[in-house]
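S.K.: Please read through the structure below; I'll follow up with questions.
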Amino acid sequence: MSAIQIIVGSMLGGTEYVAEACEETLIELNYKVDIHLKPDLNNVINNTFPTNNEQNIDSDLVKKPIWILCTSTHGAGDYPDNIKQFVSDLTHCEQDLSTVSFLTIGIGDSSYDTFCKAAVDISKLLISMGCKELSTIKTFDMSEDIDPEDLVQQWIRTNIDLLSI
């Protein structure tokens, strides 16, 4: 089983609720999960690739890291403030991330032409860095989806095989 890092980009907190619903469901399904509400690339990388000195390391956790990026879009297609530094650091990262597999969950409002643009952009960035996208971006439309927390939990349960890499 893989360790899962949930990386959150949120301006107003709604995306945090969706990410926490992901975390809750994954823990119920016996996954090891770390959630990063104020993502710091060094922290995420340290959790993704623990050092050999750390106790109780399961080699599969290091071999098959999974990141779930859960982000909204702000303004004219921008990243939320809390994830901007993470993305900047990721852009300049020299760490080999080719063993990282990821899923992206975009939260947005389809009445905007920049619907889930931050999710699309971060997915493209990770692909350009050699990371493996496990599934196309899952989007939730806040103008239509009444309970995205419940919907994301249903989606994870239905698609849990994606995380069995």
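Mapped onto my numbering, the consecutive letters of the sequence shown carry residue numbers 25 to 189. Where a beta carbon is used, it is the ideal one built from N, C-alpha and C, also for glycine. Keep in mind it's a predicted model, so treat the numbers as computed, not measured.
(1) Below 9 Å between beta carbons: does that hold for Thr163 and Pro104?
(2) Within its chain, find whatever has a CB closer than 8 Å to the CB of His98; leave out the 5 residues flanking it on each side and keep chain order.
(3) How far does the beta strand (DSSP E) with Ile146 in it extend, from its first residue to its last?
(4) For His60, count neighbouring Cβ atoms within 10 angstroms of its own Cβ and tell me buried if that reaches 16, exposed if not.
(5) Any chance the stretch 52-59 sits against the stretch 101-121, with 3 or more Cβ pairs inside 8 Å?
(6) Using the Cβ count rule (16 or more neighbours within 10 Å means buried), how would you classify Ser96?
(7) Relative to the C-alpha of Pro172, which candidate in Cys46, Ile31, Gln29 has its C-alpha closest?
(8) Near Asp137, what residues of its chain come up, given a Cβ to Cβ distance below 7 Å and the 5 sequence neighbours on each side ignored?
M.R.: Taking the geometry as given:
(1) In this structure, Thr163 sits away from Pro104, with a CB-CB distance that is not shorter than 9 Å.
(2) Cβ neighbours of His98 beyond the five flanking positions: Met35, Pro104, Asp105, Ala142.
(3) Segment 141-152 is the alpha helix (DSSP H) holding Ile146; no beta strand (DSSP E) there.
(4) So His60 counts as buried.
(5) Touching, no, given that fewer than three Cβ pairs across the two stretches are closer than 8 Å.
(6) If you draw a 10 Å sphere on the C-beta of Ser96, you find 16 or more other C-beta atoms in it, and that means buried.
(7) Looking from the CA of Pro172, the closest CA among Cys46, Ile31, Gln29 belongs to Cys46.
(8) If we look at Asp137 and ignore the five residues flanking it on each side, it has no Cβ neighbours.
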